[in-house]
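Participant: Right, I'll just put the structure down here and ask away after.
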Amino acid sequence: MLQAQFHDVANDQRGMSHFNWTLDSGTNYHILRTACYPYMKYHCSKREVQDLWLEDKFFRFLKVINLGLPMLFYGLAAIRLISHTEIVHVSETVKVPIYFLYPEDKGSSF
């Protein structure tokens with residue numbers, strides 16, 4: 001099994017903290033994204049498209065004023081706390097592991 005390497009990934013969300021992500025089906029998600037060294041943390045909520053410009057700036061401001069330290073500590077703690085992994089098949093040969101602190105409730109409404 002080949003895994004995607006960091007240098008192979010195009011980071012088209014760099015610098016974005018709170019934004020809309022619309023699927024080809026038209027379903028939209030609000031994404032909260034932050035770095036939690038050595039991971040990237042995403043929180044996704046199914047919501048209507050909204051202007052998230054102000055919230056995005058606010059979350060970036062919070063990260064800057066606290067020097068990113070809370071997210072560093074969260075990421076380092078997550079190394080020991082992660083208990084669930086799912087594999088995303090990008091192609092026939094490339095598989096990407098996605099890490100979770102606990103298994104996703106696939107039957108949940110949100």
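Residue numbers for the sequence shown follow full-length UniProt numbering, beginning at 1 and rising by one. The C-beta atom is built at its ideal place from N, Cα and C for all residues, glycine as well.
Report the partner residues of Ile65 according to the DSSP bridge assignment.
Facilitator: Answer is none; Ile65 lacks a bridge partner.
Participant: Hey, out of Glu48, Ile65 and Glu86, whose CA is closest to Lys106's CA?
Facilitator: Nearest option by C-alpha distance: Glu86.
Participant: Nearest to Ile82 by alpha carbon, out of Lys41, Arg33 and Gly15?
Facilitator: The candidate whose alpha carbon is nearest that of Ile82 is Lys41.
Participant: When we look at the beta-carbon of Leu23 and count the other beta-carbons within 10 Å, is it buried (16 or more) or exposed?
Facilitator: Leu23 is exposed by the Cβ-count criterion.
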